[in-house]
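Reviewing the structure listed below.
See the structure below:
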């Protein structure tokens, strides 16, 4: 039978898991290091851990943390580093007779293998097969030199991420194309795969993907079939991109300048933002417009709140802080208000009490059997974005401030803005009368 200490550790781990969705990587590592052993155990077993949190737990955690994460049934879609990959890749058949007649049985040198990968790199299946054939160990220096000379096709980069066993710095460099190339509709697959494989966090993806407009598009990928972001991964990517764009503040001139240069800028997004703020960008070279870029930037840019009135909306806002008879009734009421346009995801984050319930979409949208099946994704994304904004405004990148919020959140009965105000002011953090 669980003890009071177990219940406290479980609840703290649940609250920390929600906070880590919105924290930069160095804060995530710091907070994980401050947890005691029971709380870390429950954190590793928590439902819907973000992809970046899983990656950092495995990268900086202990062997015990690794085993708990490996047994977590909710860490879906992410083969863990060092553990067996998806069975469908392990069970792939060998090379076809046609391929053997064309390329030979091997073994291949590094230069020969790279040339074959380029020649047969239209889809990821053949590069995967080539990488399973006999070949010399890939030389990272030769690989990066060839990629810098002429970027490898996205399918080849994805195959290398899947089975190449490459160091993290090499994986980061492979995502920096720095050259224009035709990649069709599947250009985003290596970036999604890097996060899904636990190779890189969303923050690291933002820091290394180039050109910059592709980073902006990664935060707003369309819902296509095949490999794509799950809803939590999409929210995590938006969080990382929005954190990089924060120096632009709400200055429309800076946002317009960013959009004017984004489609031709060949560096990474952090470099583009820094040069935009400093005003050191040269006149953009001519180039074709990038489909979807204007819409992607528009979704990330801050928007003025539209004046909305009416008694029904005021009642809906007030109801968020009123205890109800059951969680099911609370979910029914919030969903009804969202459907009628009386509430938004931002409203839930600002006004719902307690704060820990506001941060957990399952408490106001209902449980889901898969993290990509919330039927109101826009409400989830809006709520995450508003929480990102509040945390950044109040806590910044200070691990001590994030930790104070983490230990206060489990027993705080007020709203999230109330909690952040109390913590940053240094006064009492009790939300109870």
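Numbering (my numbering), first residue to last: 75 to 507. We put the CB at the ideal spot given by N, CA and C, even for glycine.
Practice task
Starting from residue 209, follow its DSSP beta bridges and name the residues at the other end.
Solution key: Beta-bridge pairing links residue 209 to 182.
Exercise for the section: Return the residue from the list 423, 312, 339, 303 that minimises the CA-CA distance to residue 280. Expected result: 312
Problem - Sequence-distant residues of the same chain with beta carbon closer than 6 Å to residue 94, five excluded per side - result: 102, 127
Handout entry: Extent of the continuous alpha helix (DSSP H) to which residue 260 belongs
Key = From DSSP, residue 260 is part of no alpha helix (DSSP H); its letter is neither H nor E.
Practice task
Classify residue 471 as helix, strand or coil using the three-state DSSP reduction.
Solution key: coil
Practice task
Determine the closest residue to residue 427 out of 308, 114, 490, with distance taken between C-alpha atoms.
Solution key: 490
Practice task
Please say whether residue 331 and residue 318 have beta carbons closer to each other than 8 Å?
Solution key: no
Exercise for the section: Check residue 359 in the structure and name its three-state DSSP category. Expected result: In the structure shown, residue 359 sits in coil (DSSP, three-state: anything other than H, G, I, E or B).
Handout entry: With 16 other Cβ atoms within 10 Å as the buried cut-off, status of residue 87
Key = buried
Practice task
With a 10 Å radius around its C-beta and 16 neighbouring C-beta atoms as the bar for buried, classify residue 228 as buried or exposed.
Solution key: Residue burial is scored here from C-beta neighbours: residue 228 has at least 16 other C-beta atoms within 10 angstroms and is therefore classed as buried.
Exercise for the section: Whole angstroms is fine: what's the gap from residue 264's alpha carbon to residue 388's? Expected result: 46 Å
Exercise for the section: Identify which residue in 300, 244, 411 has its Cα closest to the Cα of residue 273. Expected result: 244
Practice task
Within the same chain, show all residues whose beta-carbon is closer than 7 Å to that of residue 205, passing over the 5 residues directly before and after it, in chain order.
Solution key: 233, 237, 238
Handout entry: Beta carbon of residue 460 nearer than 8 Å to that of residue 420
Key = At a Cβ-Cβ threshold of 8 Å, residue 460 and residue 420 count as neighbours.
Handout entry: Coil, strand or helix - residue 421 by DSSP
Key = Looking at residue 421 - three-state DSSP - the assignment turns out to be helix.
Exercise for the section: Could you have a look at residue 325 and say whether DSSP puts it in helix, strand or coil? Expected result: Look at residue 325 here: in three-state DSSP terms it is coil, with no helix or strand label.
Practice task
Report yes or no: do the segment 113-125 and the segment 301-315 share at least 3 C-beta pairs separated by less than 8 Å?
Solution key: yes
Practice task
Would you identify the three-state DSSP class for residue 284, choosing helix, strand or coil?
Solution key: The answer is strand: DSSP assigns residue 284 an E or B state.
Exercise for the section: Might you give, ordered along the chain, the residues of its own chain that have their beta carbon closer than 8 Å to the beta carbon of residue 369, omitting 5 neighbours on each side? Expected result: 294
Handout entry: Buried versus exposed, by CB contacts within 10 Å (16 or more), residue 147
Key = exposed
Problem - Euclidean distance between Cα positions of residue 316 and residue 99 - result: 14 Å
Handout entry: Separation of residue 292 from residue 364, as counted between CA atoms
Key = Each residue's Cα considered, the two are about 13 Å apart.
Practice task
Taking 8 Å as the cut-off, decide whether the C-beta atoms of residue 149 and residue 195 are in contact.
Solution key: no
Practice task
Using the Cα positions of residue 450 and residue 415, report the straight-line distance between them to the nearest angstrom.
Solution key: 12 Å
Exercise for the section: Please classify residue 362: is it buried, with 16 or more other beta-carbons within 10 angstroms of its beta-carbon, or exposed? Expected result: exposed
Practice task
Can you give me the start and stop residues for the alpha helix (DSSP H) that residue 175 sits inside?
Solution key: For residue 175, the uninterrupted alpha helix (DSSP H) run begins and ends at 171-177, by DSSP.
Practice task
For residue 210, count neighbouring Cβ atoms within 10 angstroms of its own Cβ and tell me buried if that reaches 16, exposed if not.
Solution key: exposed
Problem - Inter-residue Cα distance where the pair is residue 185 and residue 360 - result: 35 Å
Exercise for the section: Compute the distance between the beta-carbons of residue 190 and residue 198, then report whether it is under 8 Å. Expected result: No.
Exercise for the section: Would you mind reading off the limits of the alpha helix (DSSP H) that contains residue 350? Expected result: 343-352
Handout entry: Residue from 270, 112, 108, 105 with nearest C-alpha to residue 77
Key = 112
Exercise for the section: Look at the alpha carbon of residue 270 and the alpha carbon of residue 386, and state the distance between them as a whole number of angstroms. Expected result: 43 Å
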